[in-house]
Amino acid sequence: MQQISYFWSDKGPAGDCFWWLDVLLLLGGIHSESTATWAHERKIRIICRCLFAYHAVAFVLQLNDALYEEKKAALVVWELMKVIFIFVAYLKVVLVVQLKGSIATLRQFIRSNHICSGDIEYDELEQNKFNKIVRITIQVVFVLIIIDTLILSVPNFSNNDLLKLPHLLALTGMFPSYILKILLTSCLGISVIPKYFACTACVGAVLIGMRTRLRILAHRFEHISQQDFTSEEKAFECVNRDIQEALAQHLEYWSHLKAMKIMVSKTFLKVHYFSIVAIGSLIYVCCAMGVNGVTFVIGAGTVSFLMEYYLLCHLVDLLQDEADSIGYHIFRICAQIPYNSELRSEYVQLRTTLMIVWINTRNGISLNCLGLFEITTFTFVTLIDAAYSVLMFLIKMGKIVDTDG
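Counting with the UniProt record's numbering, you get residues 1 to 405 for the letters of the sequence shown.
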């Protein structure tokens, strides 16, 4: 009993946000060094991959049936979105595998204490806040999986209609088709959702962690700016020493920034274009199908896609805010450094270095989607506008198709 209590405590394995991330990656069928020693890890990974492959085949067959039977436009859109969703989920899994080395390096950097502000209590508080935020966010994904599984496991007419077993699989016989039907509905959440959100969870954890490291670094510059500058020579030597230590940490942070930018850009590209199509299409499907268990799941999925997009944009903005904070503290340091004619060369060099760091920090943190556009909260507004256009297009086309049919 004590072992169980310790396991789920804040100091136990379940209190670590990266443990939850490892579980999500495992359910996504992604191999990692952290989970390699877990009991039955390989079996769980193979089962999850087989379930995903089964759902991919079933969704393609369902789309084929919908096109062949010339169903209503909303049903065709629904079947098409399932195929697109599972394809994007697969692409995101491939991306995680490709970036596995960068993710491991950034994860190690975030967990280390290479960057510190000199205030141990402040650093521990920020690290605990980071751990709590990431842990709760990933736990929300697990709650979504559980809710979807429970709702889809309850037999009802809407499940039979919107998640109908493809004709080809129904020909396997009464008992096999019954098993396949259960796997298609009840295991949908645990099969597809972890694969789709695992990549975003990794990127989100890295963004929050890098923001925490940058926040700690900003606190270090703030501490320097609050020093006593009354004694010129002593103050200059003290400030110069502290600044050099802070700059060394700044350079280490900067060495990991490029890997983070590549990870965020590639992930956001998939999230952006999928969200444009998915949000408008799923709202159209919900409006056409009315209120039932499946449309509740679809609605929850639509909200989760919106939240995924918004949180990525918001986290990038928060990172930029911390960079601006460092710039403000550097400006204060430059304004307060006492001038000493005997140390004129060192004085000019130090101020020049600080100004270069200031400019690079403010301009170098900005993130873009592979050069297509800047990632900011304003981008979320453009997403809403694009999704609304997709919704209006589908409503007009749906009326035309259903009328002709």
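All residues carry an ideal CB built from backbone N, CA and C; glycine is no exception. Source: prediction; values computed, not measured.
- Query: How do the segment 322-341 and the segment 215-224 stand: do at least 3 beta-carbon pairs fall below 8 Å, yes or no?
  - Reply: yes
- So, helix, strand or coil for Asn64, using DSSP? helix
- Item | Of the residues Ile243, Ser34, Gly28 and Asn363, the one placed nearest Gln349, counting alpha carbons only | Ile243
- By the 10 Å Cβ neighbour count, where 16 or more other Cβ atoms means buried, how is Asp385 classified, buried or exposed? exposed
- Give the straight-line distance between the Cα atoms of Trp20 and Leu391, rounded to the nearest whole angstrom. 36 Å
- Task: Could I get the ranges of all uninterrupted alpha helix (DSSP H) runs contained in the segment 96-151, with 4 residues as the minimum, in chain order?
- Result: 100-111
- Among Leu144, Gln336 and Leu188, the one whose alpha carbon lies nearest that of Ala58: Leu188
- So, is Gly398 buried or exposed, given that buried needs 16 or more other C-beta atoms within 10 angstroms? buried
- Within the same chain, show all residues whose beta-carbon is closer than 7 Å to that of Tyr253, passing over the 5 residues directly before and after it, in chain order. Ile115, Arg213, Leu214 and Leu217
- Task: Could you check what DSSP says for Asn292 in three-state terms: helix, strand or coil?
- Result: coil
- Message: Here's the rule: buried if 16 or more other CB atoms are within 10 angstroms of the residue's CB, otherwise exposed. What is His250?
- Response: buried
- Item | Per DSSP, cross-strand counterpart(s) of Glu374 | Asn368
- Task: Output the boundary residues of the alpha helix (DSSP H) element that contains Ile30.
- Result: Looking at the DSSP string, Ile30 is not in any alpha helix (DSSP H), and its letter there is neither H nor E.
- Message: Between Leu183 and Leu51, how many whole angstroms is the CB-CB distance? I'm expecting something under 8 Å.
- Response: 7 Å
- Item | Length of the line joining the Cα atoms of Tyr196 and Ile151 | 19 Å
- Query: For Cys199 versus Val96, is the C-beta distance shorter than 9 Å?
  - Reply: yes
- Could you have a look at His55 and say whether DSSP puts it in helix, strand or coil? helix
- Simplified DSSP assignment, three categories, for Glu69: coil
- Query: Quick one: what does DSSP say Ile208 is sitting in, helix, strand or coil?
  - Reply: helix
- Please go through the segment 272-348 and give each complete alpha helix (DSSP H) segment of 4 or more residues, from N-terminal end onward. 293-336
- Message: I need the DSSP call for Thr353, collapsed to helix, strand or coil.
- Response: helix
- Task: Starting from the C-beta of Thr302, find all residues in its chain whose C-beta is less than 8 Å away, skip the five residues before and the five after it, and write them out in chain order.
- Result: Ala278, Ile279, Leu282, Ile283 and Cys286
- Task: Compare the beta carbon distance of Val203 and Thr267 with 9 Å and say whether it is the shorter of the two.
- Result: yes
- Item | Beta-carbon proximity list for Leu61, same chain, < 6 Å, skipping 5 on both sides | Pro166 and Leu168
- Message: Excluding the 5 residues flanking Val316 on each side, which residues of the same chain have their C-beta closer than 6 Å to its C-beta?
- Response: Leu367 and Ile375
- Query: Between which two residues does the alpha helix (DSSP H) containing Leu165 stretch?
  - Reply: No alpha helix (DSSP H) contains Leu165, which DSSP labels as neither H nor E.
- Message: Checking 9 Å against the spacing of the C-beta atoms, do residue 408 and Thr377 come in under that value?
- Response: Only positions 1 to 405 of the chain appear in the structure, and residue 408 is not among them; the question remains open.
- Would you mind working out which of Cys238, Asn113 and Leu27 sits nearest Met210, comparing C-alpha positions? Asn113
- Task: Measure from the alpha carbon of Leu180 to the alpha carbon of each residue in His55, Leu383 and Ser34, then state which is nearest.
- Result: His55
- Item | Whole-angstrom C-beta distance between Leu25 and residue 414, which should lie under 8 Å | Outside the modelled stretch of the chain, which goes from 1 to 405, sits residue 414, for which no answer is possible.
- Query: Between Ser304 and the rest of its own chain, which residues show a CB-CB distance below 7 Å, the 5 nearest in sequence each way excluded?
  - Reply: Leu144
- Message: Between which two residues does the alpha helix (DSSP H) holding Lys11 run?
- Response: It is not in any alpha helix (DSSP H) - Lys11 carries neither H nor E in the DSSP assignment.
- Message: Can you give me the C-alpha to C-alpha distance between Gly28 and His256, rounded to a whole angstrom?
- Response: 26 Å
- Task: Closer than 6 Å by C-beta to Ser153: which residues in its own chain qualify, once you throw out the five before and the five after it? Chain order, please.
- Result: Ser186
- Quick one: grab the DSSP three-state call for Ala248. helix
- Query: Which residues in the same chain as Arg135 place their Cβ atom closer than 6 Å to its Cβ, once the five residues preceding and following it in sequence are excluded?
  - Reply: Cys17 and Trp20
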